[in-house]
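Just so we're aligned: 733 in UniProt numbering is position 733 of the sequence shown, and the numbers increase by one with no gaps anywhere.
We put the CB at the ideal spot given by N, CA and C, even for glycine.
Source: prediction; values computed, not measured.
All remarks here apply to the structure that follows.
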Amino acid sequence: MLPEVDLVITFRVSRKTSLLKRHALEDARKGEEQYGRLMKALSSAGLRAVARRGESLGHLLVFVSCPTEHVHTLIKRERHSDFLSGLPTTPVNLRKDEDEDVPLAPADRIRLVHASITSMPSDGGLGISPDAPEWDLVESVMALHDREFNEHWIHAWTTSRYVSVKQENLREQFGDSVAMYFSFLHSYTKALVFPAALGVLFLLFRLPVLADILHPHRPLLSLRFGTRGSFRVEKQRARYIDGFPWWKHELRMIASLPVILLFAGILVSILTGIFVFEAFVTQLYTGPGHKFIAFSPTVLFVLLVPRLLEVYQAIATRLTAWENHAHQSSHAASLTIKTFALSALVAYMGLALSAFVYVPFGEGIMRMVQVWLFKGSVRADAAADTLNTTAALNATEHTKGIWNVDTSAAGQKLNAARLRDQMFAYTVTNQIVNTFVEIGLPYVLRGVESFRARKANGNGKGDKGKKRVVFEDEKEKGGEEEREFLEQVRKEAALPEYELFGDYSEMVTQFGYVALWSTIWPLAPVMALVNNFFELRSDAFKITVHNRRPIPSRTDTIGPWLDTLSFLTWLAAVINSALVYLFCPRSQNHCNAGTGAAPSTLDKVHQHIISAASASASRDAHAPGEDGGAATRELLVTALLIALAASARALWHASEEVRTTERGEREVKRRFLENIVGAADVVAVADIGVNGRSIDGEEVVLDPEVVPEKPADDLDAAEGLGSFWDHDEGMQEIQRLTKEA
């Protein structure tokens, strides 16, 4: 019978790969002291804990199990805290004649035990967290997958129209945050059905209300999950500096803005330079290797943009930590906004330049680039264009071996399908690549790692060969079943932690493509709908196979992503109205600035750019034709006014269900009070810290039901698992590390 494990603490004695003997001994002594302190803290809190060897020398897996009595204590403490903070603690549909308690979901059990271990002593926890300086050898606190549920989820994909299981079942296994993500993805996918079916005709009418479709769905979920207002009881971060003035926190957040703007400016400059090089310069080069010069913008992008984003991400992480957020939700929201701001620039900058620069003014800009790069040749060509056609051909012939400088053919060098090709690449090709990176690439990487391990074992090198002896010892002590269990735990410990940021970022970015640029390619909603059908399943597969089990957390919102969606919705109204104005057929009277045959403002600006190129080539001080500056200002002002006029959107108001539930909260509290022994216990439990001490450090005397009990010795015997919980390998592994030194 396998042991019932709630959490696994990964503990690494040494974080270094190569050490001197003196350093190894110091690390071993430090590891022994911290490991002993860890086991003592867990035991004194009423938890069962035992260690097993990990995947390498000095790596330990500390298995933690919470007795049922202590779980009831944690439930009672949380309910008391929720009640005092005004949170619903009993399901609103609970009937009074129901005698049986609502069963505790696996995610809630994991969340309660995880919070009791990782939260700060001021919040009633042990403070054992990888972020805490006094626990720097603790790598992570992870939960193990429920393999039976995962297999059921994967098997049900073939028969379910959704993600295989009900929303409530997802919440019971992975917590509120993961359940809300899949609910958001499902709602967003359903919202794509109408624009995918009707195409561009109703696209502009749908965009301003799509975020409002998602907006009311969020509070309904928080009511259904019982997490509305959960931010009031959120635990403090391990690295939060208590007593920090609020105004200093706000000033530090404002101080981050110049850094964001600086990197945004650098990124825009790089992307604009790559755009000009790719859209114009590569089209003019006709010399040796011109077939390969088209790949140079991609090479430049790969070399420059990821490096810049990597540096920015490191700085943004430091800035967010420097801001000293009290709670993890606000910390994550601040980092999310910083990170997604530049990611959105990378995603949408190319399309914006193509839509607002390349397509309407491409021919004029192509001539300007020719003038800028090849002034002498183009000057002769431009002068001959107005005086002598033969001379122009001779000038072009003189340089056609390397560059095409014939300005009369500038328009022929433009790619009329550029915007459509870009949209196809972003909405189809990129999605396929992302799916492979999420699903296929981890298999490839694990295969490479397995090959290297087998090669090292075959040559008698590396730590893997030593691990075989360890496995034989485990087989003698725990049996084959325990050996397989430990091997599975080691595999899960080697997996990366699951981060919701990547999945949310991918979907919000896709929403931006559909909302901002679908007027360019009406099939974008169709491609997004098809992608999301597979995305629902690939994300579920990624969680169950390629990542650790998510640690459940209480939340009543999707965080800063809702504000991001609202902003993109507003921006979509601005951009789409501007695009409609710019690309409106010039033959239609309502698109022209004047009447009949009078040229439009767009035509005036275009002619101004072409005239400026010709004037620069011929060194004429004045461009021929009309006042291009006035036409440019007229175009920009008109487009801006039309865009702002179209950006109004309706505000969401609380639904009747929300108001009804708010009126029922008093009834929820009344029912909850029926389970409380006394008001004094409620206040005492709310102030409890670690080991019966309050936040102020004073001794608190409580009812015996509230104080956590030590795990009884007969519990292991009743479960038949004494051999697993009695045998600890932690100190043995640390002593092995000392011997290896």
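What is the DSSP secondary structure of residue i, reduced to helix, strand or coil?
i      : result
Met120 : coil
Glu100 : With a pLDDT of 46 at Glu100, under the threshold of 50, the predicted position of this residue should be treated as unreliable, and no value is reported.
Asp726 : helix
Asp6   : coil
Val530 : helix
Phe501 : helix
His145 : coil
Ser56  : coil
Ser553 : coil
Phe485 : helix
Arg12  : strand
Ile734 : helix
Glu234 : coil
His186 : helix
Ser129 : coil
His152 : helix
His23  : helix
His546 : helix
If I follow the unbroken beta strand (DSSP E) through residue i, where does it start and stop?
i      : result
Ala51  : Arg48 to Arg53
Ile270 : From DSSP, Ile270 is part of no beta strand (DSSP E) but of the alpha helix (DSSP H) over Trp246 to Val276.
Leu61  : His59 to Ser65
Inspect the beta-carbon positions of residue i and residue j and report whether they are closer than 9 angstroms.
i      : j      : result
Phe174 : Ile558 : no
Leu335 : Phe263 : no
Ile520 : Leu582 : no
Ala524 : Trp517 : yes
Val71  : Leu112 : yes
Glu69  : Gly46  : yes
Thr427 : Glu535 : no
Ser505 : Ile439 : no
Met142 : Val8   : yes
Glu234 : Ser329 : yes
Ile270 : Leu308 : yes
His331 : Ala321 : yes
Val514 : Leu192 : yes
Met180 : Thr569 : no
Thr189 : Asn532 : yes
Ser177 : Ser553 : yes
Leu87  : Val62  : no
Ala107 : Phe356 : no
Phe277 : Pro297 : yes
Phe182 : Gln167 : yes
Relative to the C-alpha of residue i, which candidate in the options has its C-alpha closest?
i           : options                           : result
Met731      : Ser44, Leu345 and Arg52           : Arg52
Ile293      : His727, Ala279, Val305 and Leu304 : Ala279
Val526      : Trp322, His727 and Phe424         : Phe424
Leu319      : Val50, Arg549, Ile260 and Ala28   : Ile260
Ile543      : Tyr498, Phe63, Leu170 and Arg420  : Tyr498
Val35       : Glu740, Thr738 and Ile734         : It should be noted that the sequence gives Tyr, not Val, for residue 35. For Tyr35, the nearest C-alpha among the options comes from Ile734.
Met349      : Leu251, Arg48 and Thr509          : Thr509
Phe511      : Val268, Trp561 and Met39          : Trp561
Ser119      : Val444, Leu571, Ala28 and Ala238  : Ala238
Asp563      : Arg109, Ala49, Phe340 and Val193  : Phe340
Phe724      : Val50, Arg490, Val545 and Val281  : Val50
Arg736      : Leu25, Thr298 and Asp6            : Leu25
Val305      : Ile110, Lys21 and Ala347          : Ala347
Ile110      : Trp246, Leu144 and Ser122         : Leu144
His59       : Arg37, Asn430, Val580 and Ala28   : Ala28
Phe501      : Pro550, Glu134 and Gly127         : Pro550
Ala196      : Pro522, Gln422 and Val268         : Pro522
residue 788 : Asn415, Ala132, Asp146 and Ile75  : Residue numbering for the chain in the displayed model covers 1 to 741; residue 788 lies beyond these limits and cannot be assessed.
Would you grab the beta carbon distance between residue i and residue j for me? Rounded to a whole angstrom, and I think it's under 8 angstroms.
i      : j      : result
Ala105 : Glu4   : At roughly 15 angstroms, the Cβ-Cβ gap does not stay under 8 angstroms, so Ala105 and Glu4 are not in contact.
Val138 : Phe244 : Not quite, the Cβ-Cβ distance comes to about 25 angstroms (not below 8 angstroms), so this is no contact.
His114 : Gln236 : In fact, because the Cβ distance is near 15 angstroms, the residues do not count as touching under 8 angstroms.
Leu353 : Phe295 : With 8 angstroms as the limit, Leu353 and Phe295 do not qualify as a contact, their Cβ atoms being about 19 angstroms apart.
Asn324 : Tyr443 : Between Tyr443 and Asn324 the Cβ distance is about 41 angstroms, and since that is not below 8 angstroms, they are no contact.
Would you say residue i reaches chain D, if we count a Cβ-Cβ gap shorter than 9 angstroms as a contact?
i      : result
Glu438 : In the displayed structure, chain D is absent; only one protein chain is listed.
Grab the span of the alpha helix (DSSP H) containing residue i for me, first residue to last.
i      : result
Trp570 : Pro560 to Phe583
Ser518 : Looking at the DSSP string, Ser518 is not in any alpha helix (DSSP H), and its letter there is neither H nor E.
Asp421 : Arg418 to Phe424
Val311 : Ser296 to Trp322
Lys338 : Gln328 to Leu353
Arg171 : Gln167 to Phe174
Ile241 : First-last for Ile241: undefined, no H or E at that position.
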